[in-house]
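Numbers given in the numbering used here equal positions in the sequence shown, counted from 1, plus 1173. Okay, structure first, notes after.
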Amino acid sequence: MKPFNAHTERLLRAALPRTCLIFDVGCGNGEIAFWLAENCGHTVYGVDPRLPLPRGYWHSVTDLSRGEVRLMNGHVESLNPDHKFDCVLALGLLHSLGGRGAVDTMLGRLCQWTKPGALLALSWLSSTRSSSKRHYGVYHPTEDEVLSRLANFGASLQCTWNADIIHSDGGTHCHRAVYALWRTEHTT
Ligand SMILES: C[S@@+](CC[C@H](N)C(=O)[O-])C[C@H]1O[C@@H](n2cnc3c(N)ncnc32)[C@H](O)[C@@H]1O
């Protein structure tokens, strides 16, 4: 089974037309990174504080049938980029950062990791309709806010779409998810 929904699959297909070097920021348990390596032959770096690995070291997995995965348990803010990537993914990340300042900083960092002309693929929850306390106070960046911030960094929007996603965990509620793809500036 694919570790992503049909909307994310559409985003990944648009973002990853050929074998490339990918950074999956907020990669969760690494499922998407492994899928992209094994099924498409990409080399994928992933970072997430929830990875069940000792903190702060890159762990390479090279014995896959295709591709390669390198994972680090950590917050992406603690990394200094020493690589530039053909594609940077941040799937489901922006709404878990806590506030506008953190989102702005993160968008700047994501651009820093891209090669000139590379692809930046994002998905996030732009709103939630819920009466659950769990969702109260969560900061949901609007689409306009993210678009305007990335335009300031010189990234050009390639495509964007929305999907309403209904969940039943924690009481039935509805998320408005945004899926969008940018190409970064060709000159640095
Ligand atoms: C909704 S999950 C998405 C996981 C995965 N990208 C996917 O689409 O299945 C968001 C992930 O972002 C991670 N995350 C939140 N803040 C982060 C940060 N500052 N640096 C790295 N990862 C972060 C969380 O630990 C969580 O695993």
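Ideal Cβ placement from N, Cα and C applies to all residues, glycine included. A quick note: this is a predicted structure, and the numbers were derived from the prediction, not measured.
Query                                                                                                                                                                           : Result
Between the C-alpha atoms of Cys1284 and Arg1228, what's the straight-line distance to the nearest angstrom?                                                                    : 24 Å
Keeping to the same chain, check which residues put their C-beta closer than 8 Å to that of Asn1335; ignore five residues upstream and five downstream.                         : Ser1299, Glu1316, Arg1349, Ala1350, Val1351 and Tyr1352
Starting from Thr1333, follow the beta strand (DSSP E) in both directions and report where the run begins and ends.                                                             : Ser1329 to His1340
Measuring CB to CB, does Tyr1214 end up less than 7 Å from Thr1235?                                                                                                             : According to the sequence as given, residue 1214 is Gly; it is not Tyr. It is not a contact, given that the beta carbons lie outside the stated cut-off.
Here's the rule I'm using: 16 or more other beta-carbon atoms within 10 Å means buried, otherwise exposed. How should Trp1231 be labelled?                                      : exposed
Going by beta carbon distance, what residues of the same chain come within less than 8 Å of Leu1330, once the five residues before and after it are set aside?                  : Leu1320, Leu1323, Ala1324, Ala1353, Leu1354 and Trp1355
Starting from the N-terminal side, write out each stretch of the beta strand (DSSP E) that is 3 residues or longer and does not extend beyond the stretch 1188 to 1266.         : 1194 to 1198, 1216 to 1220, 1231 to 1234, 1241 to 1245 and 1258 to 1264
Taking all protein chains shown into account, do 16 or more other C-beta atoms lie within 10 angstroms of the C-beta of His1268, making it buried, or fewer, making it exposed? : buried
Pull up the DSSP beta-bridge partners for Ser1296, would you.                                                                                                                   : Leu1264 and Tyr1352
Measure from the alpha carbon of Arg1239 to the alpha carbon of each residue in Leu1252, Asp1259, Val1217 and Asn1202, then state which is nearest.                             : Val1217
For the alpha helix (DSSP H) that contains Val1276, what are its first and last residues?                                                                                       : Arg1273 to Gln1285
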